[in-house]
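Enquirer: Residue numbers (this note's numbering): 27 to 913. The beta carbon of each residue, even a glycine, is placed where N, CA and C say it ideally should be. Since we're looking at a predicted model, the values are computed, not measured. Please see the structure below; I have some questions.
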RNA sequence: GGGAGCAUAGCUCAGUUGGUUUAGAGCAUCUGCCUUACAAGCAGAGGGUCGGGGGUUCGACUCCCUCUGCUCCCACCA
């Protein structure tokens, strides 16, 4: 063995970069289609300009564990990495950066702006991918994709054209969610509703008589007084007797005195507010719909920035929130404000900019969703795609059954520009490129020239490109072309196996990928969707920049090592459960690395004596551990199959720490300075090798480091490609017998501790009952026994000693003078009481005819065994008690 | 307002079609140990009656109802 001068602590910094570079150099992460079974994962592409946060850490650690494990089970594993262009977020960053340099976006042409954007992308893009390498992510970097790579962008355009020609994409004026900060429409899913304290203003609207205000008025409650200038009507419920006198009347809008009609619609709730609603079709989705029903004019008084425009007549140019304050004052002064009260309303905020969303009428592109959603629902309902945990099926179903058309146009420049070309007369054509558009346009007007055509200014929603991701990373030509044959890559890797993502993009992304795969491949895009929880701090708060409660993953890895951090992330992360992250978990991960490191230090420090015979206790330990290993591997496999990754991890943690280190190594460990026999040594190295392979998917760096040192390795060898050990038949009875031994040892240690006996003082052990004799050498060695005796009945000396039981086996440690009889008697009495109560319960069951008749045989037999065991124990205890009380 | 989910030891969680002698684990805690692999460690110990109530059953942490508390999702009541 090398490395005899190893430090007592594992130093991750020394090994991580070395092995990552080695893996890269040897292209171990790279995959090409071959005859093996494929295993593929596509990364949820992070924002190209993003930086790594704890959510990424969790998500990518899980992906790496799955990919590495697949690679070690003979599969051709491929993890495709990449980034997302994230149009709103990135454009906002570029705009802000330009602004800081004194450049206003509006002063730039589209081309100039995009040049800046690409420069920004080149500079900041991919930082996050470099950070993933620190984590050990075994992505096939040669396949790295970006959603705005030329072929992927082309796929997006083709997809648009495909759906347009199929009649699923349409253009229309609709009420959309307008983000006045990023100056674009956003989809319904990008609006976050938040409970926001606001005010309900009660305004007097005077009734008009030939355009002149009378002294009669009605009171209308509104949260948005700044929109009264856009009112088109006042609406009452037709069933509401309080307002019947208003039928057919006209009302005057306060301050501006415009006359509007009173209309009736049962949309109005009689018992909310005053039962009287002002209808503002341009600025509220419901009012818009009422307006449609009653053919009301639409008067839009708010511009794209959220400021009042000249149509408002008053407060022109004021921001909507400033205008609200000012108009309340004006209304009050003019005697129109009856009262105001506090009110909590659900206000929509932009997911990206957190600006208050303004419902706004505008011309946008939409994709019809009904049919797409129906098929996508079926794929999940029929379990072709499994959601893990499956509670998300309900959420998914609910969304798919209530889906609305998807607003896919965005008033931005960073993204795929909509392939619609307008003719001078306002007609338009939709084609993949300008040339095709010209040809199509000429069919409408033969005289048209290319220069007459003007392409739509808008780009497509980012999710309109991400939904193609699992297809287009392999075969961009296939996206948008349902009839085309898949290329070799897509045919091999698709459908992908597992998708690891967060539940908050289940609809944004997961559902839509299912739709796209359905449309273009007639298939599912992945079989399992593992939904991780949100990473929160110890107090359960979401990690966020503004709270400053998110640790920097890079610093964390520098402090504890990548393996330690990976372990810390996985320790408490059942699927779908939020994880309450605490640095102490990472500490635990680091400590485990250290434990493995030190186990290696112990083993590699041994000298081997080929002539030496294997001791009986070592042979027993080897037999036991071999069987234990197989049994544990079976459990671990089961956990992995069920995606119970933290359970798999904990099972391996205990296997290594408790079974291997605390028991196995302690049993076989030669005395200090003495050699070990070759048989035991070789078997131990074999176990270590197996354990490292089992642990490698979870902790890749330390396992590679130690595996490389465990034996002579050739350049190009790696634990990454070593195979996972295979489960073999094991002897459960042998494991039980050995563990009767370990329980006995633990009980003896307890005796020593409670009696204040040094471990150095050898003891005698007297055993009565069915003890597995073969295990005695292990017990004798580990508990420092001078003598072990199996008896039919205890003699007086033994009877007066310290006592304990393992199962129904009785033990005595003769300890003249050290046993406090009163204490011992009290202990025994307590145990007798407990057992008698227990026996009573068992007997109550057994004497219940219904139980005996209804319960399965095994259960009854179990109860009878409980009864007889309890009786045996009671007899023994009472006998023992007698001796104490006699003496 | 509608829907879903959760509530088990101080903390984070298991508990797989109701039945395995005293409901498990990790961490934390307490006690004793610097024993030449590891104090980022070793050995041992204590700790819950499974949110409250009711029901079904021979038998309930597990199934049903109800109450309480929390979380998430969806939603156009001004």
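Looking at the strands, I want to know which residues DSSP matches up with residue 290.
Expert: 262.
Enquirer: What do you reckon, are the CB atoms on residue 219 and residue 372 nearer than 8 angstroms?
Expert: Taking 8 angstroms as the Cβ cut-off, residue 219 and residue 372 qualify as a contacting pair.
Enquirer: Are residue 259 and residue 287 touching if we call contact CB-CB under 8 angstroms?
Expert: Against a cut-off of 8 angstroms, the Cβ pair of residue 287 and residue 259 comes out as a contact.
Enquirer: Please classify residue 81 as buried or exposed, where buried requires at least 16 other C-beta atoms within 10 Å of its C-beta.
Expert: Residue 81 should be labelled buried.
Enquirer: Would you call residue 888 buried or exposed, if buried means 16 or more other Cβ atoms sit within 10 Å of its Cβ?
Expert: Looking at its Cβ environment, which holds fewer than 16 other Cβ atoms inside 10 Å, residue 888 is exposed.
Enquirer: Could you tell me the distance, in whole angstroms, from the CA atom of residue 32 to the CA atom of residue 862?
Expert: Taking the straight line joining both Cα atoms gives about 56 angstroms.
Enquirer: Looking only at C-alpha atoms, which of 233, 238, 253 sits nearest to residue 244?
Expert: When each option's Cα is compared against that of residue 244, the closest is 233.
Enquirer: Starting from residue 276, trace the beta strand (DSSP E) in both directions and tell me its first and last residue.
Expert: Note, residue 276: beta strand (DSSP E), 276-278.
Enquirer: What first and last residue would you give for the beta strand (DSSP E) that runs through residue 102?
Expert: Looking at the DSSP string, the run of the beta strand (DSSP E) that includes residue 102 is 102-106.
Enquirer: Ignore the nearest five residues each way along the sequence and tell me which others in residue 681's own chain have a CB closer than 6 angstroms to its CB.
Expert: So the list reads 658, once near-sequence residues are dropped.
Enquirer: Counting only runs of 3+ residues fully inside the segment 66-135, write out the beta strand (DSSP E) ranges in chain order.
Expert: Segments of the beta strand (DSSP E) lying fully in the segment 66-135: 102-106.
Enquirer: Any idea if residue 285 is buried or exposed, counting beta-carbon neighbours within 10 angstroms, 16 or more meaning buried?
Expert: Its Cβ having fewer than 16 others within 10 Å, residue 285 is exposed.
Enquirer: Under 8 angstroms, with one C-beta from each stretch per pair, do the segment 620-637 and the segment 600-607 reach the 3-pair mark?
Expert: Contact between the segment 620-637 and the segment 600-607 is absent, because fewer than three Cβ pairs lie under 8 angstroms.
Enquirer: Short of 7 angstroms in beta carbon distance, which residues of its chain neighbour residue 904, apart from the five on each side in sequence? Order them along the chain.
Expert: Excluding sequence neighbours, residue 904 sits near 858.
Enquirer: Within 10 angstroms of its Cβ, does residue 911 collect 16 or more other Cβ (buried), or is it exposed?
Expert: That one is exposed.
Enquirer: I'd like the span of the alpha helix (DSSP H) that includes residue 676, first residue to last.
Expert: From DSSP, the alpha helix (DSSP H) with residue 676 extends over 671-680.
Enquirer: With a 10 Å radius around its C-beta and 16 neighbouring C-beta atoms as the bar for buried, classify residue 643 as buried or exposed.
Expert: Looking at its Cβ environment, which holds 16 or more other Cβ atoms inside 10 Å, residue 643 is buried.
Enquirer: Ordered along the chain, which non-local residues of its own chain (more than five positions away) have a Cβ less than 7 angstroms from that of residue 139?
Expert: Same-chain partners within the cutoff: 131, 439.
Enquirer: Can you check the segment 342-427 for any beta strand (DSSP E) of at least 3 residues that lies completely inside it and give the ranges in chain order?
Expert: If we require 3 residues or more, the beta strand (DSSP E) runs fully inside the segment 342-427 come out as 363-376, 384-393, 412-414.
Enquirer: How many whole angstroms separate the CB atoms of residue 75 and residue 167, which I take to be in contact at a CB cut-off of 8 angstroms?
Expert: At roughly 19 angstroms, the Cβ-Cβ gap does not stay under 8 angstroms, so residue 75 and residue 167 are not in contact.
Enquirer: What residues in its chain sit with their C-beta under 7 angstroms from that of residue 502, if we drop five residues either side in the sequence?
Expert: The residues are 177, 178, 180, 181.
Enquirer: Could you tell me which of 70, 38, 51 sits nearest to residue 496, measuring between CA atoms?
Expert: Of the listed residues, the one whose Cα sits closest to residue 496 is 70.
Enquirer: For residue 84, collect the residues of the same chain with a Cβ closer than 7 angstroms to its Cβ; drop the 5 residues on either side in sequence, then sort them by chain order.
Expert: Hits under 7 angstroms: 558, 561, 595, 599, 605.
Enquirer: Is residue 894 buried or exposed, if buried means 16 or more other CB atoms sit within 10 Å of its CB?
Expert: The residue is exposed, with fewer than 16 neighbouring Cβ atoms inside 10 Å.
Enquirer: Along the alpha helix (DSSP H) that carries residue 593, what are the first and last residues, could you check?
Expert: Per DSSP, residue 593 belongs to the alpha helix (DSSP H) from 588-597.
Enquirer: Short of 6 angstroms in beta carbon distance, which residues of its chain neighbour residue 793, apart from the five on each side in sequence? Order them along the chain.
Expert: Cβ neighbours of residue 793 beyond the five flanking positions: 816, 837.
Enquirer: Tell me the residue span of the alpha helix (DSSP H) that contains residue 547.
Expert: Taken as a continuous stretch (DSSP letters only), the alpha helix (DSSP H) holding residue 547 covers 538-547.
Enquirer: Going along the chain, which unbroken runs of the alpha helix (DSSP H) with 4 or more residues stay wholly within the segment 143-224?
Expert: Counting only runs of 4 or more, we get 153-161, 176-191.
Enquirer: Comparing the CB of residue 383 with every heavy atom of the ligand SAH, is any distance shorter than 7 angstroms?
Expert: Ligands in the displayed structure: none, and consequently the ligand SAH is not present.
Enquirer: Any idea if residue 471 is buried or exposed, counting beta-carbon neighbours within 10 angstroms, 16 or more meaning buried?
Expert: When all chains shown are included, residue 471 counts as exposed.
Enquirer: Could you check if residue 459 is buried or exposed, using at least 16 other CB atoms within 10 Å of its CB as the buried criterion?
Expert: Exposed: under 16 other Cβ atoms inside 10 Å.
Enquirer: How is the alpha helix (DSSP H) around residue 44 delimited, first residue to last?
Expert: 38-51 is the extent of the alpha helix (DSSP H) around residue 44.
Enquirer: Name the DSSP bridge partner or partners of residue 829?
Expert: According to DSSP, residue 829 bridges with 838.
Enquirer: Following the continuous alpha helix (DSSP H) through residue 553, name the residue where it begins and the one where it ends.
Expert: No alpha helix (DSSP H) holds residue 553; the beta strand (DSSP E) holding it covers 552-557.
Enquirer: Using three-state DSSP, classify residue 282 as helix, strand or coil.
Expert: Looking at residue 282 - three-state DSSP - the assignment turns out to be coil, as it is neither helix nor strand.
Enquirer: Taking C-alpha atoms, which residue in 265, 461, 535 lies nearest to residue 399?
Expert: It is 535 whose Cα lies nearest to the Cα of residue 399.
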